[in-house]
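Note sheet for the following structure.
Number of protein chains: 2
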Amino acid sequence: MAEEKKRTTRRITSVDVAREAGLSRATVSFVLNDTPGQSIPEATRQRVLQAAERLGYTPYAPARTLRSGRSDVAVFVLPDWPQGPTMAAFVERAAQVLSRAGLTLVTHVHTGDEQGLARLWTALTPAAVFGMRPFTSGELAGMRRAGISAVLPAAEEPGSDVSTTLWARGVGRLQAEHLIGKGHTRLAYALSDEPRLAALGRGRSEGAAQACAQAGLAAPTVTTIALDTEVTARVVEGWRGDVSAVCAYNDEVALAILAGMRTLGLSAPADLAVIGADDIPGGRFAAPPLTTVAQNSGELGIRIAEALLRTLEGQAPDLNLLPGDIQIVERASA
Amino acid sequence: MAEEKKRTTRRITSVDVAREAGLSRATVSFVLNDTPGQSIPEATRQRVLQAAERLGYTPYAPARTLRSGRSDVAVFVLPDWPQGPTMAAFVERAAQVLSRAGLTLVTHVHTGDEQGLARLWTALTPAAVFGMRPFTSGELAGMRRAGISAVLPAAEEPGSDVSTTLWARGVGRLQAEHLIGKGHTRLAYALSDEPRLAALGRGRSEGAAQACAQAGLAAPTVTTIALDTEVTARVVEGWRGDVSAVCAYNDEVALAILAGMRTLGLSAPADLAVIGADDIPGGRFAAPPLTTVAQNSGELGIRIAEALLRTLEGQAPDLNLLPGDIQIVERASA
DNA sequence: GTCGGCAGCTTACACGTGATAGTTCCGGGT
DNA sequence: ACCCGGAACTATCACGTGTAAGCTGCCGAC
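Heads up: the protein sequence lines correspond to chains A and B, in order. Following this note's numbering, the numbering of the first sequence begins with 1 at its first residue and continues without gaps. Following this note's numbering, the numbering of the second sequence begins with 1001 at its first residue and continues without gaps.
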């Protein structure tokens, strides 16, 4: 029966607009897309625009994508570790830049299962994809098959792993350089025991080791600690008399260390200097206020987005870490 | 010339699979979709599957969506205020549930501009949309035109505003009830000066006011404070002798208050009890450790996802706040 | 007066998929 | 001898869009 077809309210298509305006569908398309090389009198143009407005016409993205072969979606694949305000600023600024180019940015948290990513670009067919870790060759092949034209970081170029390698090392390096500048000669590095943060932690501690080597110092003692006051207190006791300053993987680890020190009656930076990373809001209100490394992630988001757009046009990405992307925020703890 | 067409590597379609398998495209479709009502011998089935595997065939989402009228994408529209681990768990669990139903979840941060949302569902044509705030009637009309079948919260039902009203009030109510249970009779509520958090803050403070009214107490004094130690110190001085306990909008505000108290030589909870909200990791390491309200956001994510799926099938959403969704985490500060 | 050219349209195809309505072939019942 | 019915496929349409190609007047130029 006809009821079956009437069940779902019919979509308004350009055919409806054409009928409403008394013109052909092609003319409607020419007007709505400002197709160059067409001569359309202003009267006709207005007739189409008003008809479209009256009916509330919205072009149907799947059909448009099917026809043109290109979608207006960009997707950022985020890791499933907890994201702070740093990532929020990153995504927000990137979205602004992409939006100006007509792209809509969405994010997808990747929980680690193999086929989750495949289903993502199968369901979305984005024009561009950015990930925090380099994609495997299998993933890249799948994306190419799905017709995705711009991918960052492209696994082919080894130095392009923005977050895990380059970026993380920069953070660790800056932490260590600050402590060395304060006269410390024997450092420790405290990693989080959250397994998903292991790769990033390795990057940051390697950066600190680089800075130490450059200053002619021994590499930091690397310890993985649980976020528990009693546990950190014991670790701090182990450090006493050996190291005079500690780089924490992030501000939360740093706060845990400060809490452990507090139970021992120790205080930073006199007994042990502590520096964090990521500049979470709570760090300012610690006792003592936490010295940390802030990442200008908004700026990075803008540059990533611009690199994606450049890739879409077939140019080289050109993505580098700039001075000023990472900064020391000096408070009292180091 | 033909070069133009060869420029972009051709997409592998079901036509290619059909040719490879020596069958028609229809048969390929029947096999790959397990279309019921077809009798296909196992040999043919394997022939198709292996051909598809060999060529690395992936169905093209836009064409599939165009044909079926339904996409496999769900999108969560998130506000642009900074998101903590609470929201991460929420999205992660919801994604799991939706994934089991064949839907891919993506998130989109909405920066507030009017046409950003319109472009979102124009570019994505999601099957389902969830937002943290109720949508305006104009937005709903646009989504219906774009063919989105499930939207939560639907603006029609007034009590369905999960986050801003129901959820936020529940948090404020629990904060106040805990303090009242500790014997406090005169409370204050401290809001953040971040303008984007104003609506949520109003909801939480209203919940606290409800709890006070229920206990026969006066409503809390509501103060908006900047996240600055000196500013909070002055506000705390103003409270002295008047209120004995304060609910903070969130843990960051609470930490700022504790820092302000510290500069005055005061300590919680003896001089002023402080309770936060959201249970950020750093709260455990404050001095004193912060009592707060934890939201079981993972559970909520699951229920929201299930409600979306139910809506997709045409049933009523049935979305309520359950006991156990919000819990007091009692530490030392209150 | 005929004809090229251009403004102002329309007709028709392609994109890749899902599914309906067939078509062919073959074995078995009457 | 005939047909019925099911197994195993295939031909074809529809989805909504962008655009290349074609069509019709009308005006000015020779």
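Using N, Cα and C, we set each Cβ at its ideal position, and we do this for glycine too. Since the model is a prediction, treat every value here as computed from it, not as a measurement.
Taking A:L227 as the centre and dropping the five residues before and after it, the same chain places the C-beta of A256 closer than 6 Å to its C-beta, in chain order. Across the set A:L152, A:G147 and A:A294, the C-alpha of A:L152 shows the shortest separation from the C-alpha of A:T136. The beta carbon of A:Q327 sits closer than 6 Å to those of A294, all from its chain and outside the five residues before and after it, given in chain order. With a 10 Å radius around the Cβ and a threshold of 16 neighbouring Cβ atoms, B:A1188 comes out buried.
Here A:I280 carries a coil assignment [DSSP, helix/strand/coil].
Listed in chain order, the alpha helix (DSSP H) elements of length 4 or more contained wholly in the region 1057-1092 of chain B are 1061-1068. A residue is called buried when at least 16 other Cβ atoms come within 10 angstroms of its Cβ; A:E313 does not meet this threshold and is exposed. With 16 or more other CB atoms across the displayed protein chains lying within 10 angstroms of its CB, B:Q1083 is buried.
Contact residues of the region 1128-1153 of chain B toward chain A are A1141, G1142, R1144, R1145, A1146, G1147 and S1149 (C-beta to C-beta distance below 9 Å). Here the C-alpha atom of A:V28 lies approximately 59 Å from the C-alpha atom of A:G276. The count of Cβ pairs closer than 8 Å, one atom from the region 185-200 of chain A and one from the region 209-217 of chain A, reaches three, so the stretches are in contact. Think of a sphere of 7 Å around the beta carbon of A:F285: the chain B residues whose beta carbon falls inside it are T1229, L1255, A1256, L1258 and A1259, in chain order.
Interface annotation, A:L187: not in contact with chain B, CB-CB separation never under 7 Å. Within chain B, the C-beta atoms nearer than 7 Å to that of A:E252 come from P1281 and G1282, in chain order. Under the Cβ criterion of 7 Å, B:L1312 is not counted among the residues facing chain A. Taking C-beta atoms as the reference points, A:T104 and B:R1145 fail to come closer than 7 Å. A:S192 sits in a strand when the DSSP states are folded into three classes. Exclusion of the five residues before and after A:G260 leaves T229, E230, V231, T232, A233, R234, V235 and V236 as the residues of its chain whose Cβ lies within less than 8 Å of its Cβ. Distances from the CA of B:L1300 to each of B:R1025, B:L1055 and B:F1130 were compared; the closest alpha carbon is that of B:F1130. DSSP, reduced to helix, strand and coil, places A:T291 within a strand of the structure shown. For A:F30, the secondary structure class from DSSP, reduced to helix, strand or coil, is helix. By the Cβ criterion, the region 1243-1258 of chain B is in contact with the region 1277-1284 of chain B, since at least three pairs of Cβ atoms, one from each stretch, lie closer than 8 Å.
With its beta carbon at least 7 Å from every one in chain A, B:E1194 lies outside the interface. Not a single C-beta of chain A is nearer than 7 Å to the C-beta of B:T1035.
Cβ proximity to chain A below 7 Å picks out R1011 and I1012 from the region 1011-1022 of chain B.
In the three-state reduction of the DSSP assignment, A:T224 falls in the strand class.
DSSP places A:Q315 in the coil class of the three-state scheme, outside both helix and strand.
Check the Cα spacing between A:R67 and each of B:Y1060, B:F1076 and B:V1015: the tightest is with B:Y1060. Judged by DSSP secondary structure, A:L179 falls within the alpha helix (DSSP H) whose first and last residues are A168 to G181. Here DSSP, grouped into helix, strand and coil, assigns A:Q214 to helix. In the three-state DSSP reduction, B:G1147 falls in the coil class, being neither helix nor strand. Taking the Cβ atoms as the reference, A:M132 lies roughly 5 Å from A:P79, within the contact range of under 8 Å. Under a 10 Å Cβ-count criterion, B:T1263 is classified as exposed, with fewer than 16 other Cβ atoms of the shown protein chains found around its own Cβ. Within the DSSP bridge table, the entry for B:G1131 names B:V1077 as partners.
Of B:G1238, B:I1012, B:V1097 and B:P1289, the smallest CA-CA separation from B:V1073 is found for B:V1097. Bridge partners of B:I1326 according to DSSP: B:Q1295.
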